[in-house]
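Accompanying notes for the structure given below.
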Amino acid sequence: MRYLLLLALSLPSFAGGLEQLNNFLEQTKGFTAEFQQTVTQKAGKQQQASGTMAILRPGRFDWLYTKPYEQRVVGDGKQLWIYDPDLNQVTNKQLDRALGDSPAALLAGSNNLDKTYTLADAGKRDGLEWVEATPKNRDTGFERVRIGFKDAQPIAMELADSFGQTTQIRFSKVVRNPKLDAERFHFTPPKGADVVSAD
Numbered sequence: 002m003r004y005l006l007l008l009a010l011s012l013p014s015f016a017g018g019l020e021q022l023n024n025f026l027e028q029t030k031g032f033t034a035e036f037q038q039t040v041t042q043k044a045g046k047q048q049q050a051s052g053t054m055a056i057l058r059p060g061r062f063d064w065l066y067t068k069p070y071e072q073r074v075v076g077d078g079k080q081l082w083i084y085d086p087d088l089n090q091v092t093n094k095q096l097d098r099a100l101g102d103s104p105a106a107l108l109a110g111s112n113n114l115d116k117t118y119t120l121a122d123a124g125k126r127d128g129l130e131w132v133e134a135t136p137k138n139r140d141t142g143f144e145r146v147r148i149g150f151k152d153a154q155p156i157a158m159e160l161a162d163s164f165g166q167t168t169q170i171r172f173s174k175v176v177r178n179p180k181l182d183a184e185r186f187h188f189t190p191p192k193g194a195d196v197v198s199a200d
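Per our numbering, the very first residue in the sequence shown carries number 2; after that it's consecutive.
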C-alpha cells in the first residue's frame with residue numbers, strides 16, 4: 002500500500018492545459034506525428050488535408066501535406082519555406098511570421114511562449130485539457146489558437162483566424178523525442194523552381 006501511494010505521488014498530475022503545455026515544452030525536444038486537418042470557411046465550406054510532421058525544437062519543423070495535394074512547409078530556425086511541387090514554386094519568409102502558414106510554428110517555438118502569446122487554461126473537452134494562446138502581435142492573422150493535451154502530449158489544435166476561418170488538426174501516431182537528423186530541417190529550393198520572398 003505504501004509503495005502504491007508513493008508511486009501515485011511520483012506520477013505527474015496535470016491540473017489543466019497550461020500545465021501540460023509547460024510540461025511538453027520542458028520535456029520535448031523532438032516530436033513526430035501524422036495529422037488530419039479540416040479547414041472550415043466562414044460560409045461553412047470545408048477542406049480536408051492530411052500528412053506527416055516533425056518538430057525539432059526550438060524553431061525547426063517539417064510539415065508535409067500528402068493529401069489532397071502535396072505541399073511541404075519547412076522551418077529551419079530562421080526562415081520559413083513553403084514548397085508547392087505542382088507549381089514548382091517556393092515561398093520564403095521570416096520564421097517569426099510563420100504561424101499563419103504552419104501550426105507547427107507554435108509547437109516548435111521556444112519555452113518563452115508567454116512573450117508572444119497570452120496563455121490561459123481553456124477547460125476540458127473531448128477528453129482533452131485545452132490551453133488557449135492569443136497572439137500579442139495581431140499581424141499573425143490569427144485571433145487565437147487552442148491546443149488539446151492528454152498526458153502532456155498535444156493531440157489536437159484549433160486555430161481561428163481574423164477572417165472567420167477555423168482550422169482543426171488531430172494528431173495520431175505521436176512519438177516524442179525520436180532521433181531526428183537536423184539536416185531534415187534544412188531546405189534547398191529545387192533546381193528550376195521559382196523562389197518568391199514574402200517579406
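Beta carbons: idealized from backbone N, C-alpha and C, even for Gly.
Output the boundary residues of the alpha helix (DSSP H) element that contains Phe-25.
Position 24 of the sequence shown, counting from 1, holds the residue named residue 25. Segment 18-28, the alpha helix (DSSP H) holding Phe-25.
Could you work out which residue in Ser-51, Ile-56, Trp-82 is closest to Thr-67 when comparing CA atoms only?
For the purposes of this step, residue 67 is identified with residue 66 of the sequence shown, where counting begins at 1. The option with the nearest alpha carbon to Thr-67 is Ser-51.
Buried/exposed call for Ala-199, threshold 16 Cβ in 10 Å:
Looking up residue 199 in the sequence shown gives position 198. Answer is exposed; the Cβ neighbour count stays below 16.
What residue does the alpha helix (DSSP H) around Leu-107 start on, and which one ends it?
Position 106 of the sequence shown holds residue 107. Taken as a continuous stretch (DSSP letters only), the alpha helix (DSSP H) holding Leu-107 covers 105-108.
Residue range of the beta strand (DSSP E) that includes Glu-35
As a working mapping, residue 35 is identified with position 34 in the sequence shown. Element bounds for Glu-35: 31-41.
Quick check for students: name the residue ranges of the beta strand (DSSP E) that lie wholly in the stretch 136-188, counting only runs of 3 or more.
List check, beta strand (DSSP E) in window: 143-151, 154-162, 167-177.
Separation of Gln-37 from Pro-86, as counted between CA atoms
Residue mapping note: residue 86 aligns to position 85 of the sequence shown, counting from 1. Residue mapping note: residue 37 aligns to position 36 of the sequence shown, counting from 1. So the two alpha carbons sit approximately 20 Å from each other.
Leu-57 - DSSP class collapsed to helix/strand/coil:
For the purposes of this step, residue 57 is taken as the residue at position 56 of the sequence shown. DSSP places Leu-57 in strand when its eight states are reduced to three.
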